[in-house]
Amino acid sequence: MKYFPLIWRNLLRRKVRTIFTLASVFIAFVLYSFLMVVQNAFSMGVEVAGVDRLVLMHKVSLIQLLPVSYADRIRGTEGVTHVGHSTWFGGMYQDKATQFAVMAVDPAYFQLYPEARIQQEQLQAWLADRQGVIVGRTTATRYGWKIGDKIPIQATIWQPKQGNTWFFNVDGIYDADRGFDTSNFFFHYEYLDENRRGAYGQVGWYVLRIDDPSHAADVAARLDAQFANSSAETKTSTEKAFLQGFVNQVGNIKAIIISILAAVLFTLFLLVLANTMAQSVSERTNELAVLKTLGFSNGLVLGLVLVESILMALLGGGLGLAITYFAVEGGSFNNALLPVFIMRSRDIALGIALCCALGVVAGAFPAITAMRLRITDALRRT
Amino acid sequence: MIRRWLSQTLAVSALSVRTIPQRASSSAVAMIGIAGVVIVFVAVLSIGEGFWAAMADASAPDRAIVMRTGADSEMTSGLPGPEVQVIEQAPGLLRVNNRPIASAELYVLVDLNKRSTGTAANVPLRGIGAEALEVRNEAHIVDGRMFQFGTNEAIVGRGANRQFSGVDLGSEFMSGNLRLRVVGIFESNGSVGETEIWCDSHLIQGVYERGNSYQSVLAKLDSPAAFDTFKNWLTTNPQLNVQVQREGDYYAQQSQVMSSLIRGIGYTIAVLMGVGAVFGAILTMYTAVSTRTREIATLRALGFNTASVLISVLAESLALAAIGGLLGGLTAYFAFNGYQTSTMNFQTFSQVAFAFRVTRTLMIQGVSYALMMGLVGGLMPAIKAARLPIATALRQL
Chain E
3 MKYFPLIWRN LLRRKVRTIF TLASVFIAFV LYSFLMVVQN AFSMGVEVAG
53 VDRLVLMHKV SLIQLLPVSY ADRIRGTEGV THVGHSTWFG GMYQDKATQF
103 AVMAVDPAYF QLYPEARIQQ EQLQAWLADR QGVIVGRTTA TRYGWKIGDK
153 IPIQATIWQP KQGNTWFFNV DGIYDADRGF DTSNFFFHYE YLDENRRGAY
203 GQVGWYVLRI DDPSHAADVA ARLDAQFANS SAETKTSTEK AFLQGFVNQV
253 GNIKAIIISI LAAVLFTLFL LVLANTMAQS VSERTNELAV LKTLGFSNGL
303 VLGLVLVESI LMALLGGGLG LAITYFAVEG GSFNNALLPV FIMRSRDIAL
353 GIALCCALGV VAGAFPAITA MRLRITDALR RT
Chain Y
225 MIRRWLSQTL AVSALSVRTI PQRASSSAVA MIGIAGVVIV FVAVLSIGEG
275 FWAAMADASA PDRAIVMRTG ADSEMTSGLP GPEVQVIEQA PGLLRVNNRP
325 IASAELYVLV DLNKRSTGTA ANVPLRGIGA EALEVRNEAH IVDGRMFQFG
375 TNEAIVGRGA NRQFSGVDLG SEFMSGNLRL RVVGIFESNG SVGETEIWCD
425 SHLIQGVYER GNSYQSVLAK LDSPAAFDTF KNWLTTNPQL NVQVQREGDY
475 YAQQSQVMSS LIRGIGYTIA VLMGVGAVFG AILTMYTAVS TRTREIATLR
525 ALGFNTASVL ISVLAESLAL AAIGGLLGGL TAYFAFNGYQ TSTMNFQTFS
575 QVAFAFRVTR TLMIQGVSYA LMMGLVGGLM PAIKAARLPI ATALRQL
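Taken in order, these protein sequences are the chains called E and Y.
If you're matching positions, the first sequence starts at 3 in the working numbering and goes up one per residue.
If you're matching positions, the second sequence starts at 225 in the working numbering and goes up one per residue.
What follows is the structure, encoded as structure tokens:
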């Protein structure tokens, strides 16, 4: 620690150079954070999927419907504790395809998702109101909806018996912990089924909770066996696997993100910092020789240069991480197309580790040069 | 006067550009930094470009798609058989020997595994009518033969065949109770149609319990100008509850969410990286100016004007940026152009196979962006060089 003033002075020696190096490193880590946020958004909540929840869908594909009568048979299956179902509605709001998921669900649906927090009286109001809807905080804030508002949604898949528009009353707004999608729009399946023109008694998919996550595979196999050879065969998977399926469909986002990240870190971070450190050491050849003359060991000189490099990396990178973190927390990204925008603590830890590692790599070559410096050669050179 | 000024400027600029190799390591920082930005910029946007092209190439100006009112895609549409018969009477529709050139179609999804990951993907299965290949005259069989109507044969698009397993020529695959045999592979301009599997529409009606109903009618018009006649007749007909779109508009709308998502992310990354690269360029140019302090001061002392010094620094910075930009653009072109992949279109949950497209416009945009970075990066150091007080600068050394 006692060498800190020395390192600090070295940073301030060429202020312009230090400032622009820090700025470059800073931008590199703003980008790192942005890329992590994008990757998290594309992972669609796989990380927070409930381990005790299964999704049961039509074997052919998600767009095929299942009979509502399956609910009782699923409930009677060993290991299943709660059952709910959901039907994709789609729809248009303000003449654009809805940017939030609109789904028709049964009254028990919220029991399956304890992550969604709703005030008890709001939930009761929703249960009592056939045209009621519970929306997530993100969507409610985005469109300025309040409890009691009437929301018109134009039909895309499900035409109402009259006209082309469905009307809903906002009865509740749900919140949730970070990472859980709070953009959804849930209304009553009963209301849908009574007013649509056909496909009566059909639902999209079932969500169920089981007593013990370790039995998930058994329960899934039991359920699918039950509906085998019927007109609507099923495919049951854990919620995590179900969501992962979607992620895989989009493509290898992770590979793309990692490639971009590699380019960013190499060009904006490693190259710039390494060059700055090399210049800084070569300018200071003289001084380093003097330090050595005064009795500084080779190891200490190596350490001083490395610490200087790491310090710059952490200053610039840390600031980049911090600013993006607060921007994400403050909701600056929430108007974008993907519902969940978060930075996990894991991303931040990895970011800091990357800063240190790249700081070492960038400083390594100049530090070794400094360490190997022979006093006589160095002093003679000037 | 002007000629002397020009020749001075040229001479000093040539000097700074020629001496770049002497400052190789610091020049490399700016050059590689800018090249990196251009690679990422061009590569990310080539994804959007490829996706958009796959959708755009699926359409022809003389084709229209008819769906139920309010449907936002074929997937969510539904047309009863009797309505289809009415649609086929519409004026403006091309007729050959009194036969309407229109195809009533169904569009469903089947699960196939992606070759690259082995994971399930929603591949579109299209049930087509007998006139389908006359409507889409760009589609043609490249391997095997066309399927026979009334059988469980199917043809598979080149893109679907490339991206998903189990649909090779001669193979059979099951989806629920539907068993299909692949008898041909088709191409259609590399468009989204090539991600699809085509079979007889009646086959899907049966297996998917659709009765006598369809989802869309793709119609070939007498000419692109006949669209309005066609549309007005259909939308004012009280027997029908339909909307009519030009095929191009339909596909543009289908690709909108995905394209704007890719563009939004791509431009954000490019702008941020660009700012970072400008900082790198500023560093490089400051270094260049400070190592050449004595040289610049000498030139000024000899009577070279300030403008020529300023421009020479900018010229050096622009030269570095141009090399970096070209390097980046070419690398992106050779590394990514034509790269085959597939993704899920958020609007229909179905797969779209496409190839990355590094277009000439993208390359030009990339290089222009590089030059802009060079200009901005060189500006401050150039001003510093021009303002260098000659006496102090010479005394300093």
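Beta carbons are placed, not taken as given, at the ideal position from N, Cα and C, and that holds for glycine.
Since this is a predicted model, take the numbers as computed values, not measurements.
{"Item": "Work out the CA separation of Leu13 (chain E) and Met373 (chain E) for me, nearest whole Å.", "Value": "19 Å"}
{"Item": "Check whether the region 283–299 of chain Y and the region 566–573 of chain Y are in contact - that is, three or more C-beta pairs closer than 8 Å.", "Value": "yes"}
{"Item": "What do you get for Lys242 (chain E), buried or exposed, if any count of 16 or more other CB atoms within 10 angstroms of its CB means buried?", "Value": "buried"}
{"Item": "Which residues, in chain order, does the region 552–570 of chain Y contribute to contact with chain E at a C-beta distance below 9 Å?", "Value": "Thr565, Ser566, Thr567, Met568 and Phe570"}
{"Item": "According to DSSP, simplified to helix, strand and coil, what is Tyr5 (chain E)?", "Value": "coil"}
{"Item": "Indicate whether the contact test is met: 3 or more Cβ pairs, each with one atom in the region 584–595 of chain Y and one in the region 363–371 of chain Y, closer than 8 Å.", "Value": "no"}
{"Item": "Quick one: using the 10 Å Cβ neighbour count with 16 as the cut-off for buried, is Asn277 (chain E) buried or exposed?", "Value": "buried"}
{"Item": "Please classify Thr378 (chain E) as buried or exposed, where buried requires at least 16 neighbouring CB atoms within 10 angstroms.", "Value": "exposed"}
{"Item": "Is the beta carbon of Leu544 (chain Y) sitting closer than 8 Å to the one on Met279 (chain Y)?", "Value": "no"}
{"Item": "Indicate whether at least one CB of chain E lies closer than 8 Å to the CB of Tyr510 (chain Y).", "Value": "yes"}
{"Item": "Who does Gln156 (chain E) pair with in a DSSP beta bridge?", "Value": "E:Met94 and E:Thr167"}
{"Item": "Mind pulling the alpha helix (DSSP H) runs of 4 or more residues that sit fully within the region 334–412 of chain Y?", "Value": "356–359 and 382–387"}
{"Item": "Could you work out which residues of chain E lie near Ala344 (chain Y), taking near to mean beta carbons separated by less than 7 Å?", "Value": "Gly247"}
{"Item": "Please confirm whether Met497 (chain Y) has its beta-carbon closer than 8 Å to some beta-carbon of chain E.", "Value": "yes"}
{"Item": "Which residues, in chain order, does the region 298–319 of chain Y contribute to contact with chain E at a C-beta distance below 8 Å?", "Value": "Met299 and Thr300"}
{"Item": "If you measure from the beta carbon of Gly294 (chain Y) to each beta carbon in chain E, is any gap under 8 Å?", "Value": "yes"}
{"Item": "Can you name, in chain order, every residue of its own chain whose Cβ lies under 8 Å from the Cβ of Arg611 (chain Y), other than the five neighbours on each side?", "Value": "Thr530"}
{"Item": "For Met568 (chain Y), tell me which candidate among Y:Gly381, Y:Phe410, Y:Val481 and Y:Ala546 has the shortest Cα-Cα distance.", "Value": "Y:Val481"}
{"Item": "So with CB distances below 9 Å, who are the chain Y contacts of Asn277 (chain E)?", "Value": "Ser249, Ser250, Ala252, Val253, Gly504, Leu507, Thr508 and Thr511"}
{"Item": "Flag Asn250 (chain E) as yes if its beta-carbon sits less than 8 Å from any beta-carbon of chain Y, otherwise no.", "Value": "yes"}
{"Item": "Quick one: using the 10 Å Cβ neighbour count with 16 as the cut-off for buried, is Pro348 (chain Y) buried or exposed?", "Value": "buried"}
{"Item": "Let me see if you follow: with CB-CB separation under 8 Å, is Ala501 (chain Y) close to chain E or not?", "Value": "yes"}
{"Item": "Beta carbon of Glu362 (chain Y), beta carbon of Asn321 (chain Y): below 8 Å?", "Value": "no"}
{"Item": "Whole angstroms are fine: how far does the CA of Leu551 (chain Y) sit from the CA of Ser447 (chain Y)?", "Value": "46 Å"}
{"Item": "Who are Ile212 (chain E)'s beta bridge partners in DSSP?", "Value": "E:Val82"}
{"Item": "With distance defined between alpha-carbon atoms, name the residue in Y:Phe373, Y:Gly504 and Y:Phe388 nearest to Val380 (chain Y).", "Value": "Y:Phe388"}
{"Item": "Around the C-beta of Met225 (chain Y), are 16 or more other C-beta atoms found within 10 angstroms, so that it is buried, or is it exposed?", "Value": "exposed"}
{"Item": "Looking at the unbroken alpha helix (DSSP H) that takes in Asp391 (chain E), where does it start and where does it end?", "Value": "Outside the displayed range of chain E (3 to 384) lies residue 391 (chain E), so it cannot be described from this structure."}
{"Item": "Please determine, among E:Gly52, E:Val62, E:Thr371 and E:Arg144, the residue with the shortest C-alpha to C-alpha distance to Pro116 (chain E).", "Value": "E:Gly52"}
{"Item": "So is Gln439 (chain Y) buried or exposed if we call it buried at 16+ other beta carbons inside 10 Å?", "Value": "buried"}
{"Item": "With respect to the beta strand (DSSP E) encompassing Lys148 (chain E), which residues constitute its N-terminal and C-terminal limits?", "Value": "Here Lys148 (chain E) belongs to no beta strand (DSSP E), and DSSP marks it neither H nor E."}
{"Item": "Can you list the residues of chain Y that Gly301 (chain E) reaches, using a CB-CB cut of under 9 Å?", "Value": "By Cβ distance, chain Y contributes nothing, its closest Cβ being about 27 Å from Gly301 (chain E), past 9 Å."}
{"Item": "Mind checking Ser251 (chain Y): buried by the 16 CB within 10 Å criterion, or exposed?", "Value": "buried"}
{"Item": "Can you find a heavy atom of the ligand NAP that lies under 7 Å from the Cβ of Ala594 (chain Y)?", "Value": "Because no ligand of any kind appears in the structure shown, any question about the ligand NAP cannot be addressed here."}
{"Item": "Do Val70 (chain E) and Gly247 (chain E) have their CB atoms nearer than 8 Å?", "Value": "no"}
{"Item": "Just to confirm the assignment, what range does the beta strand (DSSP E) spanning Ile421 (chain Y) have?", "Value": "Ile421 to Asp424"}
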